[in-house]
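Chains as they are written, first to last, in this note's numbering: chain Y, 126 to 235; chain L, 261 to 895; chain W, 385 to 872; chain V, 6 to 177; chain R, 4 to 459. Note that the Cβ used here is the ideal one computed from N, Cα and C, for glycine as well. What you are looking at is a predicted structure, and each value in this text was computed from that prediction instead of being measured.
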Amino acid sequence: MNEVDQTVLSGITINHYLVLSIILFSIGVTGIMIRKNLIILIMCIELMLNAVNLLLVAFSRYYGDANGQLFVFFIMAVAAAEVAVGLAILIVAFHHAKTTNIDVFNKLKW
Amino acid sequence: MTGNTLIGLTPLLPLLGFIILILAGRRLPEGVASLIGCGTILVSFLFSILLFNSIRTSGQEEFQYFNWISVDTFKVPFSLIADPLTSLMMLVITGVGFLIHVYSIGYMHGDEGYNRFFAYLNLFVFFMLLLVMGSNYLILFIGWEGVGLSSYLLIGFWYKNTDYNNAAKKAFVMNRIGDLGLIIGMFLIFIHYGTLQIAEVNATALQNSTTGIHPNLTWITLCLFIGAIGKSAQIPLHTWLPDAMAGPTPVSALIHAATMVTAGIYLIARNNILFSLSPFISEVVMTIGVASSLMAALIALKQNDIKKVLAYSTISQLGLMFVAVGNHSYSAGLFHMMTHAFFKALLFLGAGSVIHALHGEQDIRNMGGLRKLLPITSLTFLLGALAISGLPPFSGFFSKDEILMNLFTTNKLIWVLASISSMLTAFYMFRLVFLTFWGKLRKPVDHIHESPLTITMPLILLAALATFGGFLNFPQVFGGQQKLHEFLLPVFTESSKILPLNELSHSEELMTMGIAILLAIGAIGLAYNYFISKIDVNKLLAVPRGFVQNVLSQKFYVDQIYEAVVTQPLQKISGFLYRVIDVRWIDGIVNDYGFIVRESSSKFRFIQSGLITQYILSMIIGIIGVLIASKFFSA
Amino acid sequence: MIAVSLIIWPLVAALLVLFLNATGARAFSLFAGVVELGLVLFAANSLVGNQTTLLDYSISWISYLHSDFHVGIDGISMILVLLTGLLIPFIIWSVHRDESNVKTSSFYALILFMQAALIGVFISKDGFLFYIFWELALIPIYFICLRWGGQERGRITLKFFIYTLTGSLFMLMAFIYIYQHTPAPHSFDIQVLYQTAKSLNSSTQGILFLGLFLAFAIKMPIFPLHTWQPETYTMAPAQGTMLLSGIMLKMGTYGVIRWLLPMVPLGVVAYGKLAIVLSIAGVLYASCIALVQTDLKKLFAYSSIAHVGLISAGMFTNTKIGIQGALLQMVSHGIIVVALFYIAEILWRRTKTLEIADMGGIRLQSPFIASAFMITMLGSIALPLTSGFVGEFLLINSIFRWNAVAGILAGFSIILGATYMLRAYQKTMLGDVNTGQPSFEPLSIREKVILVLLGLLILLLGVFPSLIMNISEQAVDNLLNIANLKIN
Amino acid sequence: MITASFYFLSLLAIVSALMVIFLRTPVYNVILLVITFFCIACHYLLLGATFLAVSHVIVYAGAIMVLLLYTLMMLNLNKADEPNRIPRQMIFGIVVAGILGMILFGAISRIDNNQINITANGQIGGVKNLGKFMLKEYLLPFEAVSILLLAAMAGAVMLGKTKDPNQTIESK
Amino acid sequence: MNTIYILSGLGILSLVGAMFDLKKMLPFVLLVGIVVAMISGLYYWGISGSYFNQMISLDRFSSIYFFVLLFILFVWFFAFSRDTVLHEYGFEKLALIFFSAVGGLFMISFNHLVILFLGIEILSIPLYVLAASHRHEAGSIEAGVKYFLLSSMATGFLLFGIALIYGATGSFHMNEIQTLVTSHHMTIPSLLPIGIILTLIGLCFKVSAVPFHFWTPDVYEGSPTEFTAFMSTSVKLAAFAGLYRFLVLTSDPTHHSMVTILLICSILSIIIGNILANYPSSAKRLLAYSSIAQAGYLLIPMIYIQSDTQKVLVYGLVAYLLASLALFTVIYAMEKTAGFIEIKSFNGLGKSHPVLAFCISICLFSLAGIPPLAGFMGKYMIFTQAMSAGLNALTVVAILFSLVGVYYYFKIVIAMYLQPQVEQTFNFDRRILISIILLSTLLVILGLFPDLLFQL
């Protein structure tokens with residue numbers, strides 16, 4: 126592990142990670158907008174969260190500060206909890222509507 | 261009793277009578293009611309005589325009840341004044357008033373509103389006394405409006421009848437137009453003289469006149485004159501008076517002949533200094549006066565209602581009085597006012613007696629030959645007609661002659677017109693007399709009999725006054741002593757200094773008299789010719805033919821013009837304002853706000869479509885918007 | 385102390401009333417109203433006797449806003465407090481006994497609550513407190529109209545409420561603005577507000593003027609902000625209409641005198657003309673519209689707009705004559721309009737209609753109400769020796785001195801006023817009995833006494849207007865001193 | 006070498022992420038997402054966050070994605086039951102997301118171009134270091150997460166566990 | 004701190020209660036527990052301090068917020084716990100409410116971004132479940148789905164923002180961030196503002212400010228009313244407290260970006276909330292829109308933070324919360340008889356339940372901003388703040404649209420007093436009546452004597 130640790134990521138700047146994470150985040154956002162399957166939407170949200178995680182870790186490395194990584198743990202925990210609850214809701218919804226297409230949930234409006 | 265207290269008490273008595281009568285209502289038997297009604301006026305009359313005596317020695321008395329209004333510099337005490345002018349008016353009002361009250365006992369007998377009638381009459385006398393006794397314009401104005409109110413109440417006395425009510429309303433509203441003029445006059449007076457005390461105003465005006473005439477005096481006098489026009493039924497506000505004949509005849513006699521309508525004359529006489537200082541308005545007064553006089557006389561030619569004839573004759577006579585005061589011969593005007601009160605009251609009461617005898621018939625086309633059936637009435641009526649026609653030695657002759665005589669020196673044209681008007685007067689009065697009392701009854705009525713004593717007594721007394729009243733101011737040319745003129749002199753001294761009247765030579769004076777007498781006799785002869793001796797009376801009374809007759813019988817179409825120019829447009833505009841401007845526009849705009857909110861609510865609700873996809877999209881667009889905006893604003 | 389008790393007593397009474405049944409509530413609230421009148425008269429006596437310490441009370445209220453519960457009665461306030469104290473017993477008493485199944489105790493509680501709020505408006509010496517009372521007065525009347533009103537009351541009351549609220553919120557903004565410019569520990573005290581507002585520059589004062597004016601103009605109401613009023617008056621129950629027209633309307637006029645004229649003198653210089661022109665336009669406009677009204681209450685409503693327009697125009701001349709006339713006319717208008725609407729109520733109870741055309745000949749059936757109507761009408765058309773005259777005369781006088789043409793135009797109201805009022809009187813009272821009408825039940829003693837008392841008040845104030853004007857004279861002088869300090 | 010692996014991993018992550026959102030079969034989506042997560046875990050390794058990388062694989066690939074997959078299978082959701090995507094909405098979504106990305110790029114463009122260097126503390130990503138942090142400085146959030154998980158658990162159980170729909174105390 | 008412990012303990016206790024059937028006794032114990040927590044919160048009254056490595060900092064205002072949140076919880080518990088316990092998973096639901104409240108407490112007192120983040124999640128996740136907890140009602144499920152999805156997405160943005168803040172400052176600690184912001188604001192990279200803005204967006208989502216409000220009407224309407232009552236009160240409270248704290252700690256006086264966001268959000272919320280509230284016939288939905296509008300008003304004082312913004316915010320919030328809680332309570336009670344509650348359902352309430360109708364009117368008047376109720380005072384302070392910040396135009400807009408507010412709030416008043424009675428007769432639990440009377444009395448008292456809160 127030490128080898129990796131001590132190697133300079135030559136040529137890779139913080140901007141690279143920023144760009145990567147923004148791209149992933151945007152892909153996640155795109156997914157939320159264009160998909161209608163509830164389960165896929167949950168996945169897209171996870172993708173967004175992971176983009177954030179990646180960014181945090183990159184910054185953590187950039188500052189040499191462990192706080193960023195610790196934050197990622199909490200995000201992971203929360204993500205797990207969210208997925209659990211989300212899936213529970215999804216199951217209830219599926220039992221009720223027999224579909225996971227979110228467009229059927231449009232009874233509440235106006 | 262001092263003069264002071266008398267001043268305070270005199271108007272209160274009729275008020276007391278009014279209060280008692282109106283509160284007691286129908287519970288009071290007729291006898292008691294008439295006792296109260298006439299009694300209070302009689303006592304007032306006696307007080308007036310006492311006051312008259314005390315004035316003759318002291319000249320002027322004042323009495324203040326309390327301080328009425330006091331704001332800033334605007335201070336108006338509730339105070340009354342008695343000077344010769346007032347005293348004369350008071351005597352006429354209470355004296356003639358008393359006679360008419362007595363007359364009403366008989367005339368109104370059995371009417372269900374008997375008590376109310378006396379109450380209103382008393383109220384009228386109260387206000388009329390306030391009018392003439394007020395020491396400042398505002399008290400005068402109380403009386404001014406108050407008599408209008410009494411007039412309204414009495415014209416519409418028989419309130420079941422819609423026409424009568426309309427007449428009453430018309431009278432009130434037209435009076436109000438004049439009143440507005442008076443109010444504005446008061447404002448102007450207050451602005452320029454800082455007070456509303458009549459005496460102070462006139463005195464200040466006199467002082468100012470030494471430095472040059474105040475330009476606003478024209479406006480002030482014009483406004484006052486507008487007030488006078490309204491009250492005295494001159495052109496163009498004259499149309500209410502003939503309609504006002506809807507009231508019971510004693511009302512017509514008291515209010516619409518003897519007293520109230522002369523308030524305009526009183527107003528100008530009271531402000532004689534102001535008017536003397538503004539010659540232009542005096543010209544206007546004369547012009548309006550003579551025009552009204554002529555026009556009314558012309559209209560009276562074709563009227564068939566006995567009271568309407570008398571009403572137009574009143575307008576005509578009032579016009580003559582305006583000519584007099586406009587000519588600055590104030591005492592002559594007042595003299596005529598007094599004699600007119602006598603003979604016109606007499607004529608009206610006589611007419612009332614006729615109507616009473618004929619059970620309400622007022623159309624002279626249906627009368628005739630009443631001379632024998634109603635001897636006292638017809639005799640007194642004839643005396644009155646002779647007086648108004650200006651035949652010596654009846655009172656009308658002296659008073660009218662004095663006016664014409666003074667005119668002769670100042671304005672020949674108006675003298676000619678006034679003479680024509682008085683000639684017409686003689687003609688239509690005798691047309692009336694002949695058609696009513698001569699010939700034979702054209703529409704038989706049962707049970708015609710002479711009126712009771714309460715009716716004939718006042719007639720006789722008034723006939724006496726009408727006959728001999730002229731001697732109060734017996735012309736000097738006949739070696740007489742102008743008592744009235746002298747009595748009134750203190751009031752008019754200052755104004756006569758401003759514009760001294762040319763003294764007529766005796767020959768000229770006799771000449772004018774002669775012309776007047778000749779004209780009157782000629783007119784009477786003509787009337788005799790037309791209505792007794794010559795042609796078929798019925799034909800004359802038939803439907804009017806030709807342009808002139810139509811114009812005359814339609815009263816110069818004034819009512820119709822007013823209807824078309826004022827009343828109808830006002831109604832139309834009001835309706836437009838209400839239905840279109842108010843409801844549709846102003847309120848509509850207000851309501852539109854609510855509508856817009858509701859509409860936008862039902863339109864904008866589509867952003868809350870219920871679709872998660874859309875929500876997400878909208879939110880992200882929102883985020884983008886916020887980011888861009890923050891970027892934009894932070895730069 | 386007495387000033388506070390004037391507010392507290394009706395409030396306490398309102399609470400107590402809630403625990404009674406309808407009949408008891410009526411009796412007790414009447415008693416409360418009379419007691420309040422006694423308190424008011426006591427206060428008036430103190431004022432005349434110069435015991436002004438009794439009439440001023442101040443206690444810290446919202447220290448965060450530096451707003452005190454500061455009430456005080458000077459001459460101007462006294463007049464309106466008197467009016468309120470005087471009219472409320474009549475209004476309560478005017479409820480017919482057989483309405484007890486409809487008008488429950490809460491009705492009386494609301495009236496008393498309203499009284500407290502109104503008196504609060506008239507005696508507040510703190511801007512914030514004034515605003516609170518100002519809005520507070522709206523709530524009871526809203527409920528009175530909503531629960532006991534007539535046709536379409538939901539829509540109309542809401543419109544009325546929002547309309548008046550709109551204006552008052554702008555007034556609030558103006559107050560906040562002035563408050564924020566008060567010297568360092570800010571204050572809502574009226575004197576401080578005066579001094580602060582007056583020191584602002586002309587254009588700011590102009591904007592403040594418009595904000596304040598909007599509130600007062602809507603309340604009065606002044607053309608063209610008046611359209612809530614006829615509807616509301618027509619729809620409201622009789623007592624509601626009396627409250628609205630008799631007293632509540634005076635909030636607007638009082639507001640102008642107390643919170644507008646001395647507050648922004650430069651604003652008045654700039655926009656006072658506009659206010660007067662609008663007022664006079666409203667006078668003529670409303671008079672014309674009253675000419676063609678067929679509904680008695682609507683006719684009275686428009687006539688009220690006309691009269692208030694005159695009051696407003698007079699006030700904005702910013703002269704002593706104008707303001708004194710306005711104060712007198714406020715009292716007079718309050719009494720007259722209450723009497724008018726009470727007459728309308730009496731007629732409505734018997735004929736079940738307010739259409740003028742459906743009535744007629746009532747004088748034949750009940751001379752009493754005809755006479756009462758007559759006296760009230762005379763007051764309304766400003767016949768001398770009725771209370772309406774002096775006020776109207778002074779008002780038109782002040783307008784005339786401001787501008788002759790305006791004065792003459794305002795003067796036309798006396799002609800038009802006579803026309804429409806006489807028309808209404810004639811069509812309802814005179815003529816022959818309308819065949820379609822049921823027999824006219826004679827007036828009860830209660831109704832007669834109310835009408836007689838109101839009539840006597842109309843005549844009394846007409847003969848002795850100084851009763852009112854003496855009270856306010858000193859206060860108006862003070863006010864004008866403040867208002868004109870900067871102009872001179 | 007490391008630079009190359011960075012680009013490779015990034016490319017793989019992006020491509021698979023794109024396929025996650027564009028492929029229409031849920032199971033493929035899950036698998037591709039797992040690939041993305043693996044790439045991210047590799048990035049963590051590159052960045053020296055070793056423990057995190059491991060936990061990431063365990064939590065995401067091991068737990069969350071399995072859970073998702075399990076749900077898919079259980080509910081038999083594998084058929085694409087989304088209606089034919091309206092291309093307009095898709096294009097719109099892509100454009101909007103693109104704009105968002107551009108804005109974010111624009112915002113960060115002015116950041117300094119420092120390379121990521123090893124700092125003095127090379128052990129920050131290690132278990133020991135993180136553990137110390139977690140249980141000392143981050144004790145409170147650590148406990149808070151326990152509450153969160155408890156709540157999530159209770160909630161998920163509550164929703165997921167089917168009882169007799171009518172079985173409430175009231176109905177008894 | 005003790006408050007958080009106690010509340011978490013109460014949550015766990017009710018989970019225990021779910022295991023052992025303790026329906027008789029436990030609710031009372033829990034109620035007492037809430038009171039104890041309330042009192043323990045007051046312990047920090049005069050003390051301000053930081054705990055857990057300064058992750059949490061408590062001061063006077065956070066203790067006020069604690070107290071208010073617990074008070075709301077208390078009233079909520081008093082009014083609803085009995086019914087809730089009787090339903091299936093009653094104690095679980097109570098436990099979730101407690102946990103959610105704990106999340107709120109974290110948000111109120113956070114001093115570290117991880118606590119903010121966890122607070123938000125602890126607050127929200129139980130609410131997703133509770134929103135969907137009527138598993139057999141389409142509306143409830145739909146509410147759950149919507150709330151979950153939109154909220155998770157918002158969390159994503161929030162986290163991205165936090166990550167950027169970290170990237171710019173190298174710390175999650177608010178004190179350090181604040182020092183950096185205030186002392187070196189010229190040298191801070193542009194990541195920071197974007198990060199702050201994205202975090203703000205996350206928080207604005209929680210306070211349901213337009214354009215991040217879309218979940219609010221649907222979720223409020225679909226959720227079981229007792230949880231809507233909790234959502235519309237405690238979530239708002241915690242979110243506003245958190246938002247304010249975040250703003251104070253990160254605001255840089257020379258930076259306009261936050262001003263812009265808040266300005267846009269508050270204007271849009273006021274306009275959209277007030278306008279849309281006119282349409283729905285459902286009472287809950289009406290209140291949901293109105294809560295959006297109220298959020299708009301409450302955002303106004305935060306645009307330019309001044310010395311007394313905190314007080315104004317507390318007051319305004321309390322005024323809103325009390326009225327909102329009372330109204331949702333009423334709707335809840337009515338739903339038990341009538342099912343779906345429309346504005347029509349209030350018809351005739353003024354006659355059949357005069358006291359209740361009176362209290363409802365007070366609440367509605369307060370929301371509409373009619374003096375002298377607390378709602379008016381709150382709005383008044385807010386407008387004062389706005390005007391002293393020079394936001395005159397915004398004030399005018401807010402005033403005009405508050406008039407629109409009067410329009411729709413009064414629809415209910417009019418229904419109660421004007422319309423004829425509906426056939427259903429509602430039965431109101433004594434507990435519900437007591438809570439409503441308590442809340443409306445508080446509205447009056449706070450309105451008349453705002454110093455009670457302002458002197459704190």
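Interface flag, residue i vs chain V, CB-CB below 7 Å
i        : result
Leu163/Y : no
Val213/R : no
Ile216/Y : yes
Within chain R, the residues that residue i reaches when beta carbons sit closer than 7 Å
i        : result
Ala191/Y : What Ala191/Y touches in chain R: nothing, since even the nearest Cβ is about 11 Å away.
Chain-ordered chain R contacts of residue i [CB-CB under 8 Å]
i        : result
Ile876/L : Leu152, Leu153, Met156
Residue-chain proximity (residue i, chain W), Cβ-Cβ < 7 Å
i        : result
Leu275/L : no
6 Å Cβ shell around residue i - same chain, five flanking residues per side excluded
i        : result
Leu711/W : Ile463, Ser856
Cys44/V  : Leu14, Leu17, Ala18
Under 7 Å from the C-beta of residue i: neighbouring residues of chain V
i       : result
Tyr92/R : Met163
8 Å CB neighbourhood of residue i in its chain, flanking five on each side removed
i        : result
Met168/Y : Gly156
Other residues of its chain near residue i: CB distance less than 7 Å, five sequence neighbours each side excluded
i        : result
Phe824/W : Arg734, Ile746, Gln749, Ser750
Ala728/W : Leu680, Lys681, Phe684, Leu738
Chain Y contact residues for residue i, given Cβ-Cβ distances below 9 Å
i       : result
Ile19/V : Leu145, Ile148, Leu149, Ile152
CB contact check: residue i to chain B, cutoff 7 Å
i        : result
Leu162/R : Any reference to chain B falls outside this structure, whose protein chains are Y, L, W, V and R.
CB contact below 7 Å: residue i versus chain Y
i        : result
Gln868/L : yes
Chain R contact residues for residue i, given Cβ-Cβ distances below 9 Å
i        : result
Phe855/L : By Cβ distance, chain R contributes nothing, its closest Cβ being about 11 Å from Phe855/L, past 9 Å.
Proximal residues of chain L, C-beta to C-beta of residue i below 8 Å
i        : result
Met158/Y : Thr873, Ile876, Leu877, Ile880
May I ask you to verify whether the segment 750-759 of chain L touches the segment 328-345 of chain L, counting CB pairs closer than 8 Å and requiring at least 3?
yes
Which runs of the alpha helix (DSSP H) spanning at least 4 residues fall entirely within the segment 204-258 of chain R, listed in chain order?
218-225, 228-233, 239-253
Ordered list of alpha helix (DSSP H) runs contained in the segment 548-595 of chain W, each at least 4 residues:
574-583
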